[in-house]
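Chemist: Residue numbers (UniProt numbering): 1 to 99.
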């Protein structure tokens with residue numbers, strides 16, 4: 001889930017994508033391409049200083065964590081809107097695993 005609780009993110013492993021489901025509208029909001037097979041477990045939400053609210057997930061068998069920008073109703077985060085539903089950063093980790 002994103003921090004607002006509106007969007008549910010789930011791994012679409014066969015396509016190396018994250019499916020974003022808008023639970024308010026009951027529809028697929030976006031498919032976000034990630035570098036490798038996204039981890040099927042839950043991710044983590046936090047506010048990135050450069051990209052605003054993000055959801056993060058690891059990848060199966062890879063040492064990278066992808067940060068995906070998420071929307072926010074908070075006016076203070078309006079400046080980050082251009083990044084929504086994009087991978088804004090990939091963090092190289094010392095080994096494979098998940099959050």
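Ideal Cβ placement from N, Cα and C applies to all residues, glycine included.
1. Leaving out the 5 sequence neighbours to the left and right, which residues in its chain are closer than 6 angstroms to residue 111 when beta-carbon positions are compared?
2. At the level of alpha carbons, what is the spacing between residue 18 and residue 49?
3. Residue 39 and residue 23 - do their beta-carbons sit closer together than 7 angstroms?
4. Classify residue 69: buried if its beta carbon has 16 or more other beta carbons within 10 angstroms, exposed otherwise.
5. So, for residue 7: in the same chain, excluding its five sequence neighbours on each side, which residues have a beta-carbon less than 8 angstroms away from its beta-carbon?
6. Return helix, strand or coil for residue 13, following the three-state DSSP convention.
7. Apart from the five residues just before and just after residue 47, which ones in its own chain have a Cβ nearer than 7 angstroms to its Cβ?
8. Take the Cβ of residue 31 as the centre, count every other Cβ of all protein chains shown within 10 Å, and call the residue buried at 16 or more, exposed below.
9. Quick one: residues in its chain with C-beta nearer than 6 angstroms to the C-beta of residue 43, no 5 flanking neighbours on either side, listed in chain order?
10. Which whole runs of the beta strand (DSSP E) in the segment 48-75 are 3 residues long or more, in chain order?
Modeler: Quick look at the numbers:
1. The chain is shown only over 1 to 99; residue 111 falls outside these bounds and no answer can be derived.
2. Residue 18 and residue 49 have their C-alpha atoms roughly 23 angstroms apart.
3. Using a Cβ distance threshold of 7 angstroms, residue 23 and residue 39 do not count as a contacting pair.
4. Classified as buried, residue 69 has 16 or more neighbouring CB atoms from the shown chains inside 10 Å of its CB.
5. Excluding sequence neighbours, residue 7 sits near 1, 20, 21, 22, 23, 29, 70, 71.
6. Residue 13: helix per DSSP, three-state reduction.
7. By the criterion of a C-beta distance shorter than 7 angstroms, residue 47 is surrounded in its chain by 53, once the five residues flanking it on both sides are discounted.
8. Answer is exposed; the Cβ neighbour count stays below 16.
9. Within the same chain, residue 43 has close Cβ partners 55, 56, 57.
10. Runs of the beta strand (DSSP E) lying entirely within the segment 48-75 and spanning at least 3 residues, in chain order: 52-58, 64-69.
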